[in-house]
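J.: Those letters in the sequence shown? Residues 103 to 371, by the working numbering. Glycine is no exception: its CB is placed at the ideal position from the N, C-alpha and C atoms.
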Amino acid sequence: MTIAATAPIAASGGGDGFHAPGPSIFELPAAFDIGALGVTKPMLQVVLSAILVFGLLYAASRSRSLVPGKLQFAGEGAYNFVRNGVGRDIIGGHDFAKFVPYLVALFFFILINNLFATFPVFQFPTFSRSGMAYALAGLSWLVYNGVGIRKHGLLGYLKLQSVPSGVSPAMYPLLVPLEFFSNILVRPVTLALRLFCNMFAGHILLVLFSTGGFYLILEYGGIGYVAGPLALVLAIAVSFLELLIQFLQAYVFVLLNAMYIQGALADEH
């Protein structure tokens, strides 16, 4: 449910006072059904974002020239930001280049889905649904574990990730399970939680200020005419803060992916 949709509901109060927004605002009805599957707004946003990422990157690279136009210049700048600032600096060596397309696509896919929370009409962060965030983290888990197993073999990779170097074998019974749990099992969970929680909390806060502002103006009058507009100003301020967080979360997710890939390819733990 969008901010515009929730504002009249919360502001009217229905005679029962103001009801603060909760997790129920993320339970969206299906836009349409395909057989037994109800297709919701987050599902549509995922598909649309994939189309937008492909379309924008294709358009930016379609007519390459020595003197780039505005779209090519913007595309090259965004590409180099991920290639040099994440791929080359984190993965390094000669291995980083083959992961750059994945990292670039991942960055813009997450960024566009995060920005949907701010765009009019959409006004819903895709990754505020935990299933979406966990699915993306699961893909990351397959990628960095896959490249590690491919380079070192299954047993060699498990040894790399689970057996710390420079530690007495007497400590292995304690450290090996912890390292395995931390490096193999926990990483996708923390990846997903970081993205999900930031998008979830930001949307809740934005809806709270928006609906609370309308409620104060419509129901209280007097002091509400002061507090209500103040709450709406705070909603606008939170929206700008969310823009920064949306970018940072896309960057951090891709940065950690690069770090995990680098760790999987390294010869020592």
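Helix, strand or coil for Ala136 per DSSP?
T.: If you number the sequence shown from 1, residue 136 lands on position 34. First, the residue type needs correcting, since residue 136 is Ile and not Ala in the sequence shown. Strand, per DSSP.
J.: Can you tell me which of the three DSSP states Val223 falls into?
T.: Stepping through the sequence shown from its first residue, residue 223 is reached at position 121. DSSP places Val223 in coil when its eight states are reduced to three.
J.: Can you give me the Cβ contacts of Ser151 inside the same chain, cut-off strictly under 8 Å, excluding the 5 residues immediately before and after it?
T.: For the purposes of this step, residue 151 is identified with residue 49 of the sequence shown, where counting begins at 1. Taken in chain order, the residues that qualify are Phe211, Ile214, Asn215, Phe218 and Thr228.
J.: Buried or exposed: Glu374, going by 16 or more other Cβ atoms within 10 Å of its Cβ?
T.: As displayed, the chain neither begins before 103 nor continues past 371, which places residue 374 out of reach and without an answer.
J.: Alpha carbon to alpha carbon, how far is Gly140 from Val148?
T.: Counting from 1 along the sequence shown, the entry for residue 140 is found at position 38. Counting from 1 along the sequence shown, the entry for residue 148 is found at position 46. Their Cα atoms are separated by approximately 15 Å.
J.: What's the gap between the Cα of Gly115 and the Cα of Leu320?
T.: In the sequence shown, the residue the question calls residue 115 occupies position 13. In the sequence shown, the residue the question calls residue 320 occupies position 218. With a pLDDT of only 44 at Gly115, under the threshold of 50, the placement of this residue in the model should not be trusted, and no figure is reported.
J.: Helix, strand or coil, according to DSSP, for Val265 in the structure here?
T.: As a position in the sequence shown, residue 265 is number 163, starting the count at 1. Coil.
J.: Which one or two residues does DSSP pair with Val148 in a beta bridge?
T.: To locate residue 148, count along the sequence shown from 1; it is residue 46. Note: Val148 sits in no beta bridge, so no partner.
J.: Assuming Leu297 and Gln225 make a contact with CB atoms under 8 Å, what is their CB distance in whole Å?
T.: Walking along the sequence shown from the start, residue 297 turns up at place 195. Walking along the sequence shown from the start, residue 225 turns up at place 123. Contact flag wrong, Cβ pair sits at about 18 Å.
J.: Output yes or no for whether 9 Å exceeds the beta carbon distance between Phe120 and Gly323.
T.: As a working note, residue 120 is residue 18 in the sequence shown. As a working note, residue 323 is residue 221 in the sequence shown. No.
J.: Along the alpha helix (DSSP H) that carries Leu130, what are the first and last residues, could you check?
T.: Residue 130 sits at position 28 when you count from the first residue of the sequence shown. Careful: Leu130 lies outside any alpha helix (DSSP H) and carries neither H nor E.
J.: I'd like the span of the alpha helix (DSSP H) that includes Ile212, first residue to last.
T.: One-based indexing of the sequence shown puts residue 212 at position 110. Element bounds for Ile212: Val202 to Leu217.
J.: Taking the alpha carbon of Val184 as the reference point, which residue from Val206, Ala199 and Lys172 has its own alpha carbon closest?
T.: Position 82 of the sequence shown, counting from 1, holds the residue named residue 184. Considering only alpha carbons, the answer is Val206.
J.: What residue from Asn359, Lys143, Ser126 and Gly189 has the CA that sits closest to Gly248's CA?
T.: What you label residue 248 is simply residue 146 of the sequence shown in a count that begins at 1. Checked all of Asn359, Lys143, Ser126 and Gly189; the closest Cα to Gly248 is Asn359.
J.: My parser needs the alpha helix (DSSP H) runs of 4 or more residues fully inside the region 270–350; what are they?
T.: As far as the region 270–350 is concerned, its whole alpha helix (DSSP H) runs of at least 4 residues are 274–282 and 289–317.
J.: For Pro110, which residues in the same chain have their Cβ closer than 8 Å to its Cβ, ignoring the five residues on either side in sequence?
T.: Translated into the one-based positions of the sequence shown, residue 110 becomes position 8. With a pLDDT of 44 at Pro110, under the threshold of 50, the predicted position of this residue should be treated as unreliable, and no value is reported.
J.: I'd like to know whether the C-beta atoms of Phe311 and Ser242 end up nearer to each other than 9 Å.
T.: Residue numbering aside, residue 311 sits at position 209 when the sequence shown is read from its first letter. Residue numbering aside, residue 242 sits at position 140 when the sequence shown is read from its first letter. Not closer than 9 Å, so no.
J.: If the criterion is Cβ atoms closer than 9 Å, does the pair Ala294 and Ala235 meet it?
T.: Taking the sequence shown and counting its residues from 1, the one referred to as residue 294 is at position 192. Taking the sequence shown and counting its residues from 1, the one referred to as residue 235 is at position 133. Yes, these two residues count as a Cβ contact at 9 Å.
J.: Can you tell me whether Ala333 is buried or exposed, with buried defined as 16 or more other CB within 10 angstroms of its CB?
T.: The count along the sequence shown starts at 1 and reaches residue 333 at position 231. So Ala333 counts as buried.
J.: Using a 10 Å radius around the Cβ and a threshold of 16 neighbouring Cβ atoms, would you call Pro290 buried or exposed?
T.: Walking along the sequence shown from the start, residue 290 turns up at place 188. When all chains shown are included, Pro290 counts as buried.
J.: Taking His121 as part of the alpha helix (DSSP H), name the residues at either end of that continuous run.
T.: Translated into the one-based positions of the sequence shown, residue 121 becomes position 19. Careful: His121 lies outside any alpha helix (DSSP H) and carries neither H nor E.
J.: Tell me whether the beta-carbon of Phe302 lies closer than 9 Å to the beta-carbon of Phe128.
T.: Mapped onto the sequence shown, residue 302 falls at position 200. Mapped onto the sequence shown, residue 128 falls at position 26. Yes, these two residues count as a Cβ contact at 9 Å.
J.: Tell me the DSSP secondary structure of Ala109 in three-state form.
T.: The sequence position of residue 109 within the sequence shown is 7, counting from 1. Residue placement at Ala109 is flagged as unreliable, the pLDDT there being 44, under the threshold of 50; a coordinate-derived value is accordingly withheld.
J.: Report all residues from its chain with a CB closer than 7 Å to the CB of Arg166; omit the five preceding and five following residues, and keep chain order.
T.: As a first step, residue 166 must be located in the sequence shown, where it is residue number 64. If we look at Arg166 and ignore the five residues flanking it on each side, its Cβ neighbours are Gln174.
J.: Would you decide whether Ala239 is buried or exposed? Buried here means 16 or more other CB atoms lie within 10 Å of its CB.
T.: Start at 1 with the first residue of the sequence shown, and residue 239 comes out as number 137. So Ala239 ends up on the buried side.
J.: Using the beta-carbon count (16 or more within 10 Å), is Val340 buried or exposed?
T.: In the sequence shown, counting from the first residue as 1, residue 340 sits at position 238. Counting Cβ neighbours within 10 Å, Val340 comes out buried, since at least 16 surround it.
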